[in-house]
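Chains D and E are the protein sequences, given in the same order.
Each step along the first sequence adds one to the number in our numbering, with nothing skipped, and position 180 is 190.
Each step along the second sequence adds one to the number in our numbering, with nothing skipped, and position 286 is 678.
Ideal Cβ placement from N, Cα and C applies to all residues, glycine included.
Computed from a prediction, not measured in an experiment: that's the story for all the values here.
In what follows, a structure is listed as structure tokens, so that the remarks can point back to it.
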Amino acid sequence: MSKSMKSTYGDEGNYTQSLKVKSTILTVWFIILTIICLLPIYILLINATRSHTEIANGLSFFPGGSFGANFKKITSDNTFKLSYNAFNGYKNSIFITVCATFLTVFFASLTAYGIHVYDFKLKDISYTVVLLVMMIPMQVTSAGFVSFMAKLGLTDTYWPLIVPAIAAPAVVYFMRSYLQSSFSMSIVEAARIDGCSEFRTFISIAVPMMKPAIAVQSIFAFISNWNNFYTPNMILITAKIDKKTLPMMVSSLQASDKISDNGAIYLAIALSIIPIIIAYVALSRFIIAGVALGGVKE
Amino acid sequence: MASAAQRRIKSISYAKYGYMFIIPFFLVYFFFQLWPLINTFIVSFHGNGLEEAQKQFVGFDNYKVILFGGEARAQKQIHNSFVSSLGNTVILWIGNFVPQIALSLSCAVFFTEANLKIPGKEFFKIVMYLPNIITAASVAVLFLQLCGENDTLPGALNQLLNKIGIVSQDSAGKYDTVRFVTGTTQSRIVVMFIQTWLWFGNTMIMLMSGIQGINPSLFEAASIDGASSGQVFTKITLPLLMPIMSYTLVTSMIGGLQMFDIPYLYHLGNDVNKDLKTIAVLIFEYFHADGEKNKMGYAGAASVLLFFITLVLGCIAFYMTSDKDAARKKKERKQMAKKLKQESKQFGGFSI
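In structure tokens, the structure reads:
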């Protein structure tokens, strides 16, 4: 490059260089953020494999060898059994979560389909109602909810945790927008001409076409149900340990003074979040895309 | 001309299927959401304590006590705890929203800037969203462990501070720990940190999709005109991102009013830390208490107040997200039609 050219294009060189510097600084910053995001979880997993005395002696970034001992403690120790039972926790949480997720997604699709496809008098009003109730948080209605459930005698049962999942306005809203963008009425008309019943049209034509939306919403419904602590905590008031959900068991570890083995506590916490982390790693692409769509309310 | 068969098809009404399809949703909605909401209003006009007292109608007494206190000490206490929990909620919300929006906005802007070469953007996004999917109850208990302040058995954070040299250790092996759990400011900072940690990835991805929705030719034009990245940010990105930012603000406010899991669980012993008691925790404690201590009426009244705050915020959010352009155009069209009609009248009923 000649001197004159350098003087002319010198700025250009500076520009790319400053971009490079900026990119490097930002990458370092993002790496720091990543470490902050992961550090608590990493310490949790490491400490789950270390013994109580090892944890008391100081921080370490390498796993210890007490995983087996900790595991034995949380499954067989008597004080632990009073408040924490991983096997029962998994069973109850999975049962509630799967039922609630299925109901949410199925009935939300059904409602969105009903509002989108059919013309009826209350169509617009019903959709407005759906939009209005989207914003009402559970915490506002919970006092009335609990007193109503107590009157019905449904406290300490799973019904109030599963059945309300049918009415999920945010999911209906999402499904309706999806239908509006990618579902044409002529398909329904074609099915009618072929003599397909209305419900069958929904099951065997609409549901397969809504699969992407259903997948995204199932993932979010699953996560939010699995993580739900508020509702079970107010409904399963006097329930025995074998009916409690996993987040409830973890929270009871916090209140207990009798458990003094930190390694075991770390392992107990780890067991409650490992399944969801594995699911997240496997499905992260869908989840990120779903968040970007604004498909999550919470 | 329509044949007889065609007319018959047209006359078949499918409306009943529409009702059939949406009825389960509305039945469940009525029983498990609308009725509890109405019931909350009913409960708020009734007494506190045992079952008989809960059946007694007391009018607006609960509201009066909550908002203005009363003569009795117990009533003053209820008023004070309501005010302080409202204050805690606001403090904790501001303390988590400000860093959260700053962090997520800067990350979103840098991620979407086309000329910057940042490797592994997808990976960063996935990691930053990760905290959001972890059970909040587990997170609270985890941070309680990490921030432990026991003299002889400090948590990981105090150990780390000890290594750096901030926390000293005396000859008997006792640590001079920072009170991350019981201290007022410290515990609030920890809870703010947890909330930010949980939510900034979510906000970042929402803002990123907002930025990607901006017409790229605007950025192109700006770069051709020689705008610096600061100018692009203040003159293009920020103004066009305002609707989604304000939406995030309002939804985050509504979410902040519901803040429950972490403030409720982040304490030692049996009682919730009074510096962290948010309004949702207060309501929960009121209706959850047994027998004499039960304060169902106060819980209902506090919920109703919370409901109205949420309603106002929700209306703002609805107004912000509604298509203002469409509404304006509709108005203009109406006016134009009116004008045309008038003009046509002036010209003796002939339209031009």
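Short CB-CB distance (under 8 Å) between residue i and chain D
{"i": "S743(E)", "result": "Because S743(E) sits at a pLDDT of 46, beneath the cut-off of 50, its placement in the model cannot be relied upon, and the following sentence gives the value as read from the coordinates. It does not: the Cβ of S743(E) has no partner Cβ on chain D nearer than 8 Å."}
{"i": "N594(E)", "result": "yes"}
{"i": "K447(E)", "result": "no"}
{"i": "S579(E)", "result": "no"}
{"i": "N488(E)", "result": "no"}
{"i": "V583(E)", "result": "no"}
{"i": "S560(E)", "result": "no"}
{"i": "V501(E)", "result": "no"}
{"i": "Q469(E)", "result": "no"}
{"i": "S530(E)", "result": "yes"}
{"i": "A729(E)", "result": "no"}
{"i": "L536(E)", "result": "yes"}
{"i": "S476(E)", "result": "no"}
Buried or exposed by the 16-neighbour rule on C-beta atoms within 10 Å, applied to residue i
{"i": "Q264(D)", "result": "buried"}
{"i": "F516(E)", "result": "buried"}
{"i": "P257(D)", "result": "buried"}
{"i": "Q727(E)", "result": "exposed"}
{"i": "C707(E)", "result": "exposed"}
{"i": "W169(D)", "result": "exposed"}
{"i": "V490(E)", "result": "exposed"}
{"i": "G593(E)", "result": "buried"}
{"i": "S609(E)", "result": "exposed"}
{"i": "V31(D)", "result": "exposed"}
{"i": "G622(E)", "result": "exposed"}
{"i": "P635(E)", "result": "exposed"}
{"i": "M195(D)", "result": "exposed"}
{"i": "I744(E)", "result": "For I744(E), the predicted structure reports a pLDDT of 43, less than 50, and the residue's modelled location is therefore unreliable. A value from the coordinates is still provided. Flag for I744(E) reads exposed."}
{"i": "Q734(E)", "result": "exposed"}
{"i": "R186(D)", "result": "buried"}
{"i": "F700(E)", "result": "exposed"}
6 Å Cβ shell around residue i - same chain, five flanking residues per side excluded
{"i": "L632(E)", "result": "I606"}
{"i": "D252(D)", "result": "N98"}
{"i": "A58(D)", "result": "Y276, L277, A280"}
{"i": "A407(E)", "result": "none"}
{"i": "G602(E)", "result": "L633, I636"}
Residue i - DSSP class collapsed to helix/strand/coil
{"i": "Y567(E)", "result": "strand"}
{"i": "V306(D)", "result": "With a pLDDT of 39 at V306(D), under the threshold of 50, the modelled position of this residue cannot be trusted, and the question is left open."}
{"i": "Q650(E)", "result": "coil"}
{"i": "F239(D)", "result": "coil"}
{"i": "Q448(E)", "result": "coil"}
{"i": "H659(E)", "result": "coil"}
{"i": "E612(E)", "result": "helix"}
{"i": "S294(D)", "result": "helix"}
{"i": "P546(E)", "result": "strand"}
{"i": "E64(D)", "result": "helix"}
{"i": "E541(E)", "result": "strand"}
Proximal residues to residue i (C-beta, below 7 Å), its chain only, five neighbours per side dropped
{"i": "P50(D)", "result": "none"}
{"i": "S12(D)", "result": "Bear in mind that the predicted position of S12(D) carries a pLDDT of just 48, short of 50, making it too unreliable to give a figure here."}
{"i": "T121(D)", "result": "V182"}
{"i": "P179(D)", "result": "V140, V143, M144"}
{"i": "A709(E)", "result": "Y639, V642, T643"}
C-beta neighbour in chain E for residue i, strict 8 Å
{"i": "D129(D)", "result": "yes"}
{"i": "E208(D)", "result": "yes"}
{"i": "T138(D)", "result": "no"}
{"i": "M5(D)", "result": "Outside the displayed range of chain D (11 to 308) lies residue 5(D), so it cannot be described from this structure."}
{"i": "S76(D)", "result": "no"}
{"i": "I288(D)", "result": "no"}
{"i": "A292(D)", "result": "no"}
{"i": "G205(D)", "result": "no"}
{"i": "N88(D)", "result": "no"}
{"i": "V31(D)", "result": "no"}
{"i": "F158(D)", "result": "yes"}
heavy atom of the ligand COA below 7 Å from residue i C-beta
{"i": "S261(D)", "result": "The ligand content of the structure shown is nil, which means the ligand COA is not present either."}
Decide if the stretch 537–550 of chain E is in contact with the stretch 499–516 of chain E; the criterion is three or more beta carbon pairs, one per stretch, under 8 Å apart.
-> Output reads no: the stretch 499–516 of chain E does not touch the stretch 537–550 of chain E.
At a cut of 8 Å, does the stretch 644–657 of chain E reach the stretch 481–500 of chain E through at least three beta carbon pairs?
-> yes
Counting Cβ pairs, one atom from each stretch, are 3 or more of them under 8 Å apart for the stretch 560–568 of chain E and the stretch 465–478 of chain E?
-> With a cut-off of 8 Å, the stretch 465–478 of chain E and the stretch 560–568 of chain E do not count as touching, because too few Cβ pairs lie within range.
Decide if the stretch 232–251 of chain D is in contact with the stretch 75–89 of chain D; the criterion is three or more beta carbon pairs, one per stretch, under 8 Å apart.
-> no
Can at least three beta-carbon pairs, one atom from the stretch 428–438 of chain E and one from the stretch 690–697 of chain E, be found at a separation below 8 Å?
-> yes
Mind the definition here: the stretch 408–425 of chain E touches the stretch 115–133 of chain D only if three or more C-beta pairs lie below 8 Å; say whether that holds.
-> yes
Three or more C-beta pairs closer than 8 Å, one from the stretch 162–176 of chain D and one from the stretch 659–671 of chain E: is that the case here?
-> no
Per the contact definition of three or more C-beta pairs closer than 8 Å, is the stretch 288–305 of chain D in contact with the stretch 585–605 of chain E?
-> Output reads yes: the stretch 288–305 of chain D touches the stretch 585–605 of chain E.
Report yes or no: do the stretch 34–54 of chain D and the stretch 533–540 of chain E share at least 3 C-beta pairs separated by less than 8 Å?
-> yes
Three or more C-beta pairs below 8 Å linking the stretch 147–156 of chain D and the stretch 413–431 of chain E | yes
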